[in-house]
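Below is one structure; the comments refer to it alone.
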Ligand code: NAD
């Protein structure tokens, strides 16, 4: 479609990208071929990219395959504080030009990015399998989500570029338009190394901002591959920079630079709070209040009521707790189960967890892959030891032999609300199970958290469903389904309390965070 004629009415309605079914031989063969292609690129060296300039610092970080940590997926040059400053200045210099491009032109680029991701879907699946440790279906879901973000935000930008007129006073022509903010720093986590990075970066770019992307040091290769997509889609080289390197080192410089207008962060509570604090202080030469969008951690609970299909609830809890090894911000890490069915539920869940196979993600027969790195493995195993003291081990409880970062899906029962396993985000395949006296008590326990991201309730009782709608304090509530797997457009995503600023990624309001409204009134005689 020609750029000038791009408008919402002429576009097909948004629909979520369908998933490839890996039980079909053609899709399996395509994924095998993509894995072979990606393997052939292992060890490639990638420079930093600052406003189109490719820079090598000589100081390198190696990203590893968490299934086989002796395999180096990519070698990346680390940014310095000076280069972080250069990236902000480069983005600031290009902002006037980029912000004046038409929304339709930027939207056309974003549609092209979606198309390129679709074409390279298996390749991105393979990168996610080897650099982030995703199983094939988890990788497929993530690439589809990245495509969805591009398709959805492109449409939303068209909506914001033709806003509804305000009330018209007699003798005046009134208008309210949305304009971009300026230079944004985009800091994604490793757990959705493509989808969250793509969603945060493209939302800011399509709104007319220039951005500096600081990917996680665990998944920089995926970020490099997405930068290729942006360039091929037509985003100007100067509209973004890709700064690989230590979050702590370059992060502080980017966040505090007086020309940084906003920070779009997704990651842990502690880093999010630090960014929020640093960003709040105006620096010399700064002429705005910096905006911070911070999506942070979770300690998500599923309530299993006594009036429910126990089999269905156990499957939902299992998928929510152990999908991507429990490393989703939305993962269920607390199952709160009515005392009347507690023992029966635990027995079923324990059996299901013990039946899950764990191993390298290039082998599609494994249900679960590795955790992200050696540090995560150590910290998760420490939590498991703590859980064995605080509660009763029902399944798992150990690492697999060998070098890969594999941990068995672990279920620990009889956890109390004051226990560390109940309150702290572990971010691994560890599920705490707690007993509730009744539904009121279950809700009280579920809300006993500083977080408030996702939650689910399994019950057949209509009154309890209504009670949960009202009283379960989370940004994303699910009834009679798992608490992971938010779909762009259908489940705008973001949490309450220490889970963040509730930005609702993949929702109709999301782009507003990267725009400011300007009201114009012209006297007409
Ligand atoms: P993290 O906070 O360790 O890192 C996130 C990003 O911040 C990385 O790119 C990292 O390099 C960077 N960073 C680290 N220190 C920094 C600093 N001082 N200044 C600026 N940037 C810095 O989180 P992680 O381990 O990558 O991701 C897991 C966390 O993310 C979990 O807590 C999870 O719940 C959360 N998460 C939340 C959502 C959500 O939508 N709410 C989604 C995904 C993940």
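Numbering (our numbering), first residue to last: 203 to 727. Heads up, the beta-carbon is just placed ideally off N, CA and C, and yes, glycines get one too. Being a predicted model, the structure only gives us computed values, none of them experimental.
Looking at 556, 625, 495, the one whose alpha-carbon comes closest to that of residue 712 is 495. The distance from the Cβ of residue 229 to that of residue 222 is about 5 Å, consistent with a contact at the 8 Å cut-off. By the criterion of at least three beta-carbon pairs nearer than 8 Å, the region 614-622 is not in contact with the region 557-572. In its chain, beyond the 5 residues on either side, no residue has a beta carbon closer than 8 Å to the beta carbon of residue 577. Secondary structure of residue 675 (DSSP, three-state): coil. Rounded to the nearest whole angstrom, the C-alpha separation of residue 703 and residue 658 is 20 Å. Exclusion of the five residues before and after residue 551 leaves 516, 519, 520, 613 as the residues of its chain whose Cβ lies within less than 7 Å of its Cβ. Taking the Cα positions, residue 477 is about 13 Å away from residue 484. DSSP, reduced to helix, strand and coil, places residue 524 within a helical segment of the structure shown.
For residue 374, the shortest C-beta to heavy atom distance toward the ligand NAD is 7 Å or greater. Excluding the 5 residues flanking it on each side, residue 352 has same chain C-beta neighbours closer than 6 Å at 312, 315, 316, 404, in chain order. Relative to residue 441, the option among 492, 385, 461 whose CA is nearest is 385. Residue environment: residue 555 is assigned as buried (16 or more neighbouring CB atoms within 10 Å of its CB, all protein chains considered). The nearest non-hydrogen atom of the ligand NAD is less than 7 Å from the C-beta of residue 468. Unbroken alpha helix (DSSP H) stretches of 4 residues or longer found wholly inside the region 493-550: 512-524, given in chain order.
With a threshold of 16 other beta carbon atoms within 10 Å, residue 511 falls short and is exposed. Residue range 449-458 is occupied by the alpha helix (DSSP H) that includes residue 455. Residue 390 is not bridged by DSSP to any residue.
Between residue 428 and residue 396, the beta carbon gap of about 6 Å places them in contact (Cβ cut-off 8 Å).
With a cutoff of 8 Å on beta-carbon distance, residue 436 and residue 627 are scored as not near each other. Residue state for residue 409 is assigned as coil, using DSSP reduced to three classes. Contact between residue 562 and residue 270 holds, with the beta-carbon distance rounding to 7 Å and staying under 8 Å. DSSP places residue 607 in no beta strand (DSSP E); its state is neither H nor E. Counting C-beta pairs closer than 8 Å gives three or more between the region 385-394 and the region 288-305, which meets the contact rule. Excluding sequence positions up to five before and after residue 468, its CB lies within less than 6 Å of the CB of 390, 391, 398, 497, all in the same chain and listed in chain order. Following the DSSP letters along the chain, one finds residue 576 inside the alpha helix (DSSP H) bounded by residues 576-592. For residue 628, no alpha helix (DSSP H) run applies, since DSSP gives it neither H nor E. In the structure shown, residue 255 falls within a strand segment according to DSSP collapsed to helix, strand and coil. Sequence-distant Cβ neighbours of residue 330 in its own chain, meaning closer than 8 Å and more than five residues away, are 336, 340, 341, 344, 345, 395, 396, 424.
Residue 602 sits exposed, since fewer than 16 C-beta atoms from the chains shown fall within 10 Å of its C-beta.
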